[in-house]
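*Asks:*
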Amino acid sequence: MAATDIDADPETALETLIAAGAVDEAPDGTLSTTAEFEKTLAVYHDIYGAVSTEEFHQTVSDLFGVAPENVEERLDEFGVTRADVVAYLAAKSFLD
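Counting from 3, one number per residue, gives the positions in the sequence shown under this note's numbering.
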């Protein structure tokens, strides 16, 4: 099960990210993203951090099948930020 699979449980998603080299787990259990993943995240941040709200909403619509006119309401309903979507896209790309 992929870390970006919306049905993945958190532990499985974390294990997938660790195995793929996106996340490091220190001996004390501390988690951090790797430099390699941070590079991917920076690319997605540069792209999606700068697009218009309309383009961003279209991206969310395309990703999750939400009608464009309902995207803002759904993002608010679930407390999802632009940064969350950027991280999702970066993780999806990193795992591909």
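Where a beta carbon is used, it is the ideal one built from N, C-alpha and C, also for glycine.
1) Please name the residue or residues paired with Leu-33 in a DSSP beta bridge.
2) My output table needs one value for Ser-54: the three-state DSSP class, helix, strand or coil.
3) Let me confirm a value: Ala-93 is counted as buried when at least 16 other C-beta atoms fall within 10 Å, else exposed. Which label applies?
4) Assuming Phe-58 contacts Tyr-50 under a Cβ cut-off of 8 Å, what Cβ separation, rounded to an integer in Å, is found between them?
5) Where does Ala-10 sit, in a helix, a strand or coil, going by DSSP?
6) Could you spell out where the alpha helix (DSSP H) holding Ala-93 opens and where it closes?
7) Does the structure place the segment 79-94 close enough to the segment 31-47 that three or more beta carbon pairs sit under 8 Å?
8) Could you tell me if Val-73 is buried or exposed, where buried requires 16 or more neighbouring beta carbons within 10 angstroms of its beta carbon?
*Replies:* Working from what's here:
1) In the DSSP output, where bridge partners are listed per residue, Leu-33 has Glu-27.
2) In the structure shown, Ser-54 sits in coil (DSSP, three-state: anything other than H, G, I, E or B).
3) Per the 10 Å Cβ criterion, buried.
4) Between Tyr-50 and Phe-58 the Cβ distance is about 6 Å, and since that is below 8 Å, they are a contact.
5) Here DSSP, grouped into helix, strand and coil, assigns Ala-10 to coil.
6) Its alpha helix (DSSP H) spans residues 84-97.
7) The answer is yes - the segment 79-94 touches the segment 31-47, with three or more Cβ pairs under 8 Å.
8) Val-73 is buried by the Cβ-count criterion.
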